[in-house]
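Here is the structure we will look at.
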Amino acid sequence: MSELSALGAGQLLGLLQRRQASALEVTRACLARVGEADPDVHAFLELNPRAEDEARRFDRERPDPADAPLGGLPVAVKDNILTRDLATTCGSRILEGFVPPRDATVVRRLRRGGAIVLGKTNLDEFGMGSSTENSAFGPTRNPRDLERVPGGSSGGSMAALAARMAPLALGSDTGGSVRQPAAFCGVVGLKPTYGRVSRSGLVAFGSSLDQVGPAARSVRDVARLLAVIEGPDPADATSAPLAGGDYLAACDRGVRGMRVGLPREYFGAGLDPAIERAVRAAAERLERDGARLEEVSLPHTEYAIPTYYLVATAEASSNLARYDGVRYGRRAGDDRDLLGMYRSTRAAGLGPEVKRRIMLGTYALSAGYHDAFYGKAQRVRTLLRRDFMQVFEDGCDVLLAPTTPTPPFRLGEKSDDPLAMYLSDVYTVTINLAGLPALAVPVGTTDGLPLGAQLIGPPFGEERLFQAGAVIEQTPAGVGDGS
Ligand code: GLN
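Sequential numbering of the sequence shown, starting at 1, is according to this note's numbering.
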């Protein structure tokens, strides 16, 4: 039965619709895989105890596939996305046991689309990290090599996909947290254009950067998932009032005539040669299929990491002020001393990386420093966005770049050196600062470790990413387990 768990969402939907498998069988196969693999991997923080009942109900009711495009499919959901019947901890002690009063918009859309929430996946606390080692509930390991990290912060979701525990997953991406772990685990993940997917019910980290991102083992399955979760939402004023694209059809459109830019600054010092070779091989594949390659320049790229770590920490320090022991989660200390209670609650409930970010962000926003740090970062952010907009105006349809500078690193390798950890996001954070969409696609392996490329598009250019991603995936080195 566990072969079912190895199939992609597209294949499973076919079996379900032809009644060659039931939702209960699919859910049980995924749960069996979790039982086999998760004691080592630790992708899940909690499984949905009602998953089998929900599958049975689907099998009884059999809604029309047009109404339920993900009918009967289990989905792994990152634990910073609200689920009304399952705890949502953000990987933090301060929210341990917190059961939200409602579903996030994306979860409501998943359920309405017939999907079954399989469980909640591990993450770096509040999404702050690149290895999932910053979870208060222990690290997740990379299923491809258990001594290595799965990346982060959506490491649990991507590890669940790579280990065949679920065919579909949701992550969130503030500075690379869908794409970097997708690259490390050898799966496909999208960071949508800012505003494409509702943030209502995604626990805020950096509100001007955050997006929920769909992930799967194939480009087509990511397209299927995006189609269900995207779209305007009255509960999120930053969601764009735009009709969705036909992402699945885009996967079959090919790349003839497409202009693909290779940004020079993404192929410089520090890039692992195996990754460079694999990304260039993906570019050649696009060229063979009729795309035109050109070298382009994004001249402000070197400022991206400092800019991101000012903007993201400033927004985080403000967003995380709500965890005060009064409104959410845990409380520590003496209730009769309000300030003391705040202090004890935050001291006990938040981990070291979260505290570091709150301090950095509070400093960057403080009187006297606000203009020099936060104000300046906002201005550089505009320049970074302009770099991209210029290249797209000059005629590039998409850009192709590495997702990460190195293959997955070992557990513990960077945990004592926050700066080294921050540098693993060198190719991903700029895209969030600029609000653009980017699709991470596997492009092969080195010594059995996955390597990733990302396709970057203009605002709301997701269809182009799917067009090019589906071609890259067909290269022999790509993951492409079909769908
Ligand atoms: N790794 C980056 C950080 O630590 C990005 C995190 C994310 O996208 N949530 O901030």
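Where a beta carbon is used, it is the ideal one built from N, C-alpha and C, also for glycine. Everything numeric in this text was worked out from a predicted model, so none of it was measured.
Meets three-Cβ-pair contact criterion under 8 Å: the stretch 210-217 and the stretch 179-195:
Short answer: they touch.
Ends of the alpha helix (DSSP H) at K376?
Counted from its first residue, the sequence shown places residue 376 at position 376. That run of the alpha helix (DSSP H) goes 376-393.
Under the DSSP definition of a beta bridge, which residues are partnered with A438?
Translated into positions along the sequence shown, residue 438 becomes position 438. Answer is K191, I456, bridged to A438.
Measuring alpha carbon to alpha carbon, tell me which of A314, G175, T446, Y363 ends up nearest Y422.
Counting from 1 along the sequence shown, the entry for residue 422 is found at position 422. Looking at the Cα atoms, G175 is the closest of the given residues.
Is it buried or exposed for R288, if we count other Cβ within 10 angstroms and need 16 for buried?
In the sequence shown, residue 288 corresponds to position 288, counting from 1. With fewer than 16 other Cβ atoms inside 10 Å of its own Cβ, R288 counts as exposed.
Following a CB-centred definition, is D173 positioned closer than 7 Å to any heavy atom of the ligand GLN?
Looking up residue 173 in the sequence shown gives position 173. Under cutoff, so the answer is yes.
Does the structure place the stretch 396-408 close enough to the stretch 264-279 that three or more beta carbon pairs sit under 8 Å?
Yes, since at least three Cβ pairs between the stretch 264-279 and the stretch 396-408 fall closer than 8 Å, the two stretches touch.
Per DSSP, what kind of secondary structure is R199 in: helix, strand or coil?
Within the sequence shown, residue 199 is the residue found at index 199, counting from 1. R199: coil per DSSP, three-state reduction.
Leaving out five residues before and five after F58 in sequence, what residues of the same chain have Cβ atoms less than 6 Å from its Cβ?
Here residue 58 corresponds to residue number 58 of the sequence shown, with the count starting at 1. Counting only Cβ-Cβ distances below 6 Å, and skipping sequence neighbours, we find A23, G72.
As assigned by DSSP and simplified to three states, the class of N142
The residue you call residue 142 lines up with position 142 of the sequence shown. Per DSSP, reduced to three states, the secondary structure at N142 is strand.
Three-state secondary structure (DSSP) of V255:
One-based indexing of the sequence shown puts residue 255 at position 255. Here DSSP, grouped into helix, strand and coil, assigns V255 to coil.
Measuring straight from C-alpha to C-alpha, what distance separates A250 and Q467?
The count along the sequence shown starts at 1 and reaches residue 250 at position 250. The count along the sequence shown starts at 1 and reaches residue 467 at position 467. Going by the C-alpha atoms only, they are around 5 Å apart.
Considering only heavy atoms of the ligand GLN, does any lie closer than 7 Å to the CB of A312?
Taking the sequence shown and counting its residues from 1, the one referred to as residue 312 is at position 312. Because some heavy atom of the ligand GLN lies under 7 Å away, the Cβ of A312 counts as near it: yes.
Tell me, to the nearest whole angstrom, how far the beta carbon of F514 is from that of L293; I am working on the premise that it is less than 8 Å.
Any property of residue 514 remains undetermined from this structure, which presents the chain solely from 1 to 483.
Helix, strand or coil for L449 per DSSP?
Walking along the sequence shown from the start, residue 449 turns up at place 449. L449: strand per DSSP, three-state reduction.
If contact is defined by three or more beta carbon pairs under 8 Å, each pair taking one atom from either stretch, is the stretch 194-205 in contact with the stretch 227-241?
yes
Quick check: does the Cβ of S177 come within less than 7 Å of any heavy atom belonging to the ligand GLN?
In the sequence shown, counting from the first residue as 1, residue 177 sits at position 177. Yes, Cβ of S177 sits closer than 7 Å to a heavy atom of the ligand GLN.
Is the stretch 376-392 touching the stretch 156-166 in the sense that three or more CB pairs, one from each, lie closer than 8 Å?
Touching, no.
Is the separation between the beta-carbon of P437 and that of F392 shorter than 8 Å?
In the sequence shown, the residue the question calls residue 437 occupies position 437. In the sequence shown, the residue the question calls residue 392 occupies position 392. No; because the gap between Cβ atoms is not below 8 Å, this pair is not in contact.
By the 10 Å Cβ neighbour count, where 16 or more other Cβ atoms means buried, how is G326 classified, buried or exposed?
Translated into the one-based positions of the sequence shown, residue 326 becomes position 326. For the record, residue 326 in the displayed sequence is Val; it is not Gly. Counting Cβ neighbours within 10 Å, V326 comes out exposed, since fewer than 16 surround it.
What are the start and end residues of the alpha helix (DSSP H) that includes T345?
Indexing the sequence shown from 1 puts residue 345 at position 345. Counting along the chain, the alpha helix (DSSP H) containing T345 begins and ends at 338-349.
L110 by DSSP, collapsed to three states: which one?
If you number the sequence shown from 1, residue 110 lands on position 110. Reduced to three states, the DSSP call for L110 is helix.
Considering only the alpha carbon of each residue, which of R322, T475, A227 lies closest to D67?
In the sequence shown, residue 67 corresponds to position 67, counting from 1. Residue A227 is the option with its Cα nearest to D67.
Comparing the CB of G138 with every heavy atom of the ligand GLN, is any distance shorter than 7 Å?
The sequence position of residue 138 within the sequence shown is 138, counting from 1. Distances between the C-beta of G138 and the heavy atoms of the ligand GLN are all 7 Å or more.
Identity of the residue in I116, S157, P39, G113 nearest D124 by Cα:
Against the sequence shown, residue 124 aligns to sequence position 124. Checking every option, the nearest Cα to that of D124 belongs to S157.
Which term fits M258, buried or exposed, when burial requires 16 or more other beta carbons within 10 angstroms of its beta carbon?
Position 258 of the sequence shown holds residue 258. By the neighbour-count rule (16 or more Cβ atoms within 10 Å), M258 is buried.
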